[in-house]
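Some notes on the structure that comes next.
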Amino acid sequence: MEPTEAGTYDHRAIESRWQRYWQEHQTFKAVDGADKPKFYVLDMFPYPSGQGLHVGHPAGYTASDILARHKRMKGYNVLHPMGYDAFGLPAEQYAVEHGVHPRATTEKNIANIEKQIKMFGFSYDWSRRLATTDVGYYRWTQWIFLKMFNSWYDPAADAARPIEQLIEKLQNEDYLISPIGELIYNDTENLAAILGDPVGAVKFYELAPAEQRELIDSQRLAYMAQVPVNWCPRLGTVLANEEVTNEGRSERGNHPVYRRALTQWMLRITKYAERLLADVDALEWPEPIKLMQRNWIGKSTGAQVYFPLDGRDDVLEVYTTRPDTLFGATYMVLAPEHPLVEELTGTNCRPQVADYMTQAAKKSELERTAESKEKTGVFIGAYAVNPVNDQKIPIWVADYVLMGYGTGAIMAVPAHDTRDMEFALKFDLPIVQVVEPPAGTNWRGYVGDGIAVNSGKFDGLTTAEFKEEIIKWLTEQQLGRRAVNYKLRDWLFSRQRYWGEPLPIVHCAHCGTVALPDEQLPLELPEMEDFTPAASDDPDSLPQPPLGKLRDWAQTTCPQCQGPAQRELNTMPQWAGSCWYYLRFLDPHNDRACVDPQIERYWMAPDSDNPVGGVDFYIGGAEHAVLHLLYARFWHKLLYDLGYASSPEPFRRLFNQGMIRSFAYRDPRGMTVGYDQVDKSGQPPRHKQTGEPLVETVEKMSKSLKNVVNPNEVIEQYGADTFRMYEMFMGPLEASKPWNTNDVPGIQRFLQRLWRLIVAEDGCLHPAIGDAEPDAASLRLLHKTIKKVTADIETLSLNTAISQMMIFLNEYSKAAARSRWVLESYVLLLSPFAPHIAEELWRRLGHETTLAYEPWPVFDEELTRDPEVELAVQINGKVRDRIVVPADSDEESIRRTVLALAKIQEQLAQKTVRQVIVIPNRLVNIVAN
RNA sequence: GCCGAAGUGGCGGAAUUGGCAGACGCGCGGGAUUCAAAAUCCCGUCCUGGCAACAGGGUGUGGGUUCGAUUCCCACCUUCGGCACCA
21 MEPTEAGTYD HRAIESRWQR YWQEHQTFKA VDGADKPKFY VLDMFPYPSG QGLHVGHPAG
81 YTASDILARH KRMKGYNVLH PMGYDAFGLP AEQYAVEHGV HPRATTEKNI ANIEKQIKMF
141 GFSYDWSRRL ATTDVGYYRW TQWIFLKMFN SWYDPAADAA RPIEQLIEKL QNEDYLISPI
201 GELIYNDTEN LAAILGDPVG AVKFYELAPA EQRELIDSQR LAYMAQVPVN WCPRLGTVLA
261 NEEVTNEGRS ERGNHPVYRR ALTQWMLRIT KYAERLLADV DALEWPEPIK LMQRNWIGKS
321 TGAQVYFPLD GRDDVLEVYT TRPDTLFGAT YMVLAPEHPL VEELTGTNCR PQVADYMTQA
381 AKKSELERTA ESKEKTGVFI GAYAVNPVND QKIPIWVADY VLMGYGTGAI MAVPAHDTRD
441 MEFALKFDLP IVQVVEPPAG TNWRGYVGDG IAVNSGKFDG LTTAEFKEEI IKWLTEQQLG
501 RRAVNYKLRD WLFSRQRYWG EPLPIVHCAH CGTVALPDEQ LPLELPEMED FTPAASDDPD
561 SLPQPPLGKL RDWAQTTCPQ CQGPAQRELN TMPQWAGSCW YYLRFLDPHN DRACVDPQIE
621 RYWMAPDSDN PVGGVDFYIG GAEHAVLHLL YARFWHKLLY DLGYASSPEP FRRLFNQGMI
681 RSFAYRDPRG MTVGYDQVDK SGQPPRHKQT GEPLVETVEK MSKSLKNVVN PNEVIEQYGA
741 DTFRMYEMFM GPLEASKPWN TNDVPGIQRF LQRLWRLIVA EDGCLHPAIG DAEPDAASLR
801 LLHKTIKKVT ADIETLSLNT AISQMMIFLN EYSKAAARSR WVLESYVLLL SPFAPHIAEE
861 LWRRLGHETT LAYEPWPVFD EELTRDPEVE LAVQINGKVR DRIVVPADSD EESIRRTVLA
921 LAKIQEQLAQ KTVRQVIVIP NRLVNIVAN
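Numbering of the first sequence is given in our numbering, commencing with residue 21 and proceeding in unit increments.
In structure tokens:
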């Protein structure tokens with residue numbers, strides 16, 4: 021490397037030079053299977069938007085980089101990769117609006133964002149870089165999708181298994197098929213011997229081939245179903261719930277969204293609900309995030325109860341968490357989509373019901389939520405019988421009951437359920453008390469626990485006891501059973517868009533839905549001129565995936581029968597690619613497997629450091645608290661079940677960095693004012709031209725608020741090391757905090773002072789530096805600093821690690837002689853934070869290679885101790901004096917010394933000493949009155 | 001509405017988890033250096049009173065526990081994040 025022996029700190033020269041060095045020497049290449057403990061530090065990979073990087077991204081990347089560099093110096097084999105989550109709506113929408121191909125914009129955006137990321141000097145192993153849009157990557161995303169398609173959830177194994185095993189079991193008659201197409205476990209030893217075959221059940225061979233196929237398809241983990249979806253005609257696609265705003269509009273573009281029943285691809289994540297819930301406990305994630313995952317899964321326990329239908333043989337099935345309130349059920353409600361509505365509606369009521377249904381169906385999400393406060397519904401002219409008291413109760417249809425939860429029908433207990441009470445009051449339905457609340461509380465609308473009343477023989481039971489008793493009773497009477505429900509729904513997995521992974525499926529008139537065989541993967545996304553979706557303003561328009569325009573491509577042959585077949589035209593949603601990228605980083609160039617099993621085990625298998633297994637440290641924003649993390653956990657568990665992953669969970673430890681926001685200024689008229697117009701010298705800040713006082717707030721960065729900070733500009737002016745350290749110094753990593761460019765020079769000054777401590781003006785090593793032994797005070801300062809910085813990195817308290825390094829520099833600058841060895845240790849401590857300047861100083865201190873693998877400095881607890889300590893002397897909790905005593909002095913001698921102090925005697929003149937409390941090495945408190 | 005996180009100087013924030021509130025940085029005031037400026041270095045900087053030593057007050061608000069509370073308990077206020085008719 022050519023020497024640039026400048027005397028001044030030139031961040032541009034130093035940073036570009038060391039970035040080149042690291043690249044040329046492949047300094048950060050991770051070796052698979054190396055004989056060292058492994059450590060996998062992962063960043064949530066970015067979406068390469070046209071906006072490029074903002075100052076929020078590097079906060080997490082810097083923290084993970086500090087951890088990665090620290091762990092390398094601690095002797096770990098560190099895997100620290102980076103890639104791009106590049107499929108999805110934003111890129112495509114941008115492409116549509118600008119008339120460019122999404123591949124072109126995506127490639128441009130990736131190149132741009134990568135250039136930006138590389139300016140920070142992160143220690144990524146760039147040889148593992150990937151993008152979800154690479155054919156070599158999404159070939160395996162398609163492969164995993166087919167694994168789901170070709171699997172079922174085996175309740176006996178409580179795991180996913182190949183679908184062939186189900187077929188085998190059906191052929192062996194381990195399972196029979198109920199009249200409604202459900203699997204029944206054929207327990208030959210018990211049931212059949214006594215009862216014969218279960219009533220109405222059929223055997224697999226008794227089904228016609230088409231029926232057999234239908235049954236198998238209904239068990240696949242990836243399946244097609246007609247479901248109510250969020251249909252956005254303007255975008256021409258269906259959207260996931262999370263892509264729809266609270267106002268019932270599309271997050272992208274703010275277009276209206278409608279509920280429509282459409283046939284779509286679904287992933288059966290609900291089969292994993294219990295495991296996804298249970299396994300959260302063992303993860304080292306922030307508690308609030310774990311709570312959000314639990315709430316999203318939304319497990320509840322209660323009972324399934326059968327209400328006989330008046331005048332019919334069948335029953336209406338409801339789910340309730342409060343079976344103890346059965347005696348208070350005075351009416352029932354069906355969701356508008358409930359299959360029995362049509363059948364049950366009495367002749368007289370048909371017009372009203374039909375009318376209500378049309379209105380409900382027409383409503384957009386917006387209207388449905390906007391009217392959420394006012395309950396609507398109609399009586400359908402039919403009755404059910406309350407099984408506990410044989411009372412005839414009316415059945416209504418109302419959209420406050422959702423088809424997607426429970427059975428889509430409820431028993432209404434207006435006395436003890438807020439929604440039911442609102443409805444009952446509006447439509448004048450009877451309200452019967454069945455729970456006695458604690459004294460002083462009105463029973464009307466009381467939803468808490470209490471004592472049972474008006475409940476026949478169950479009167480007097482507590483809510484908890486009642487629940488147990490009634491479930492027992494219902495089970496005995498065959499009127500119900502214990503039941504568990506989850507809020508979690510199956511994952512809507514198809515999009516009518518171009519820029520996504522094509523689903524590797526063909527539809528054959530003869531063979532049905534057929535998976536492409538492995539050797540036909542990848543199914544490449546075909547090139548097309550006009551990839552725009554069929555956008556429309558008509559809510560009744562139907563989805564028309566852009567791929568359908570490619571007639572020649574869509575027409576294909578069936579891999580099974582070689583007959584003519586139609587390709588699946590939908591693509592996968594944006595979340596798909598991010599579900600397994602952390603596995604691909606382990607073995608990114610493998611074209612025979614998604615990841616080599618041996619390599620996968622080396623990095624992911626549980627060990628003594630990481631008993632759960634998976635990525636050791638995952639850092640990213642809390643905005644992915646639920647969806648990405650839940651979806652990825654689901655895919656991972658599937659791969660685990662099928663033997664492709666060796667840990668039950670993908671991410672053992674998770675850390676959420678806080679959002680970086682910035683100050684925004686508004687004048688008295690509420691207009692936003694750009695930073696260049698703000699005079700911050702006084703309070704309040706004023707407008708430079710008009711002198712008007714401005715209101716300062718902290719908000720998300722946005723163009724309209726004129727408070728966007730561009731990281732490139734900051735790096736250009738102050739350097740990457742300064743940028744990195746500033747972001748870590750701002751405050752706790754997990755806290756949301758405001759960027760303040762005015763604070764940045766303070767960090768740069770710190771680095772410059774360090775530079776001048778080591779490098780003289782002529783560029784040589786500073787003459788004060790020598791090889792003499794450091795004095796005791798310097799040694800103590802160094803050991804304290806090693807201790808603090810090491811501990812703080814482990815807990816990612818990086819702000820306080822940096823202040824300790826500042827304290828060191830402030831103190832050590834005063835020392836007359838500078839020890840080369842002390843400075844070297846210090847530079848090593850600094851290196852994870854500010855790697856470029858650290859490498860440069862390391863070299864100038866006489867080393868020829870990178871410091872990235874130098875052993876991390878160790879401290880001696882003994883050497884961190886101060887020989888003397890200052891104690892505060894308090895009287896009744898107020899500091900009145902201070903004394904300096906040898907460290908660890910005994911309490912008795914401290915007590916004597918303190919009571920003899922002149923100031924203290926004076927203060928105690930009129931008082932009696934009641935108690936003297938000595939806190940070793942901290943303070944003394946004299947209690948007196 | 002429900003759940004979660006957080007309120008400390010002019011600003012960002014620290015405080016060994018019950019032990020000297022305000023570390024560290026920014027800003028501000030004063031000084032040194034300079035022909036001058038930038039840069040750099042030194043001193044000061046929670047508020048009130050005082051030249052000062054010092055005294056009083058102070059961690060969103062009100063109460064409580066304790067020798068002692070930013071830290072623990074109760075009630076309330078505010079901000080941010082998530083969920084939202086989930087039976």
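Even for Gly, the Cβ is constructed at its ideal location relative to N, Cα and C.
Collapsed DSSP secondary structure at residue i in the structure displayed
i, result
"F743", "helix"
"N727", "coil"
"T28", "coil"
"Y518", "coil"
"H856", "helix"
"L861", "helix"
"C528", "strand"
"I309", "helix"
"P940", "coil"
"G766", "helix"
"N97", "strand"
"C614", "coil"
"I200", "coil"
"E485", "helix"
"Y278", "strand"
"A929", "coil"
Among the options, the one whose alpha carbon lies nearest that of residue i
i, options, result
"Q768", "Q894, Q411, I822", "I822"
"F671", "A684, G318, W655, F683", "W655"
"E547", "D572, L541, A529, L536", "D572"
"R279", "A836, R288, D538, P559", "P559"
"A54", "L891, R314, R92, A922", "R92"
"L589", "G640, L606, Q516, A613", "Q516"
"H527", "S561, K492, P584", "P584"
"R744", "K310, D85, K49, P371", "D85"
"M139", "L73, L297, V454, M748", "L73"
"R37", "V264, H856, E496", "H856"
Neighbourhood of residue i by C-beta, 6 Å cutoff - its chain only, sequence neighbours within 5 removed
i, result
"V361", "L354, V417"
"R233", "G532"
"E831", "L801"
"I13", "Outside the modelled stretch of the chain, which goes from 21 to 949, sits residue 13, for which no answer is possible."
"Y60", "L99, W623, V635, D636"
"K726", "T692, G694"
Identity of the residues DSSP links to residue i by a beta bridge
i, result
"M431", "M352"
"Y243", "M286"
"P584", "T577"
"D63", "I639"
"A88", "Partner(s): none; A88 has no beta bridge."
"T321", "V504"
"I895", "K898, I946"
"C252", "T257"
Cutoff 8 Å; reference residue i; Cβ partners in own chain excluding five residues on either side
i, result
"P752", "G678, S817, N819"
"W316", "K507, L508, V646, L650"
"K56", "G95, Y96, N97"
Neighbourhood of residue i by C-beta distance below 7 Å, restricted to the same chain and skipping five residues each side
i, result
"A213", "Bear in mind that the predicted position of A213 carries a pLDDT of just 42, short of 50, making it too unreliable to give a figure here."
"H644", "M64"
"K487", "P343, D344"
Problem set entry | Continuous alpha helix (DSSP H) assignments of at least 4 residues falling wholly in the stretch 330-414 | If one requires a minimum length of 4 residues, the alpha helix (DSSP H) runs lying completely within the stretch 330-414 are 360-364, 370-382, 385-390, in chain order.
Problem set entry | Complete runs of the beta strand (DSSP E) confined to the stretch 633-717 [at least 3 residues] | Runs found: 637-641, 674-677, 680-686.
Problem set entry | Contained alpha helix (DSSP H) runs [length at least 4] in the stretch 794-848, N- to C-terminal order | Under the rule that a run must span 4 or more residues, the alpha helix (DSSP H) segments found entirely inside the stretch 794-848 read 796-814, 818-832.
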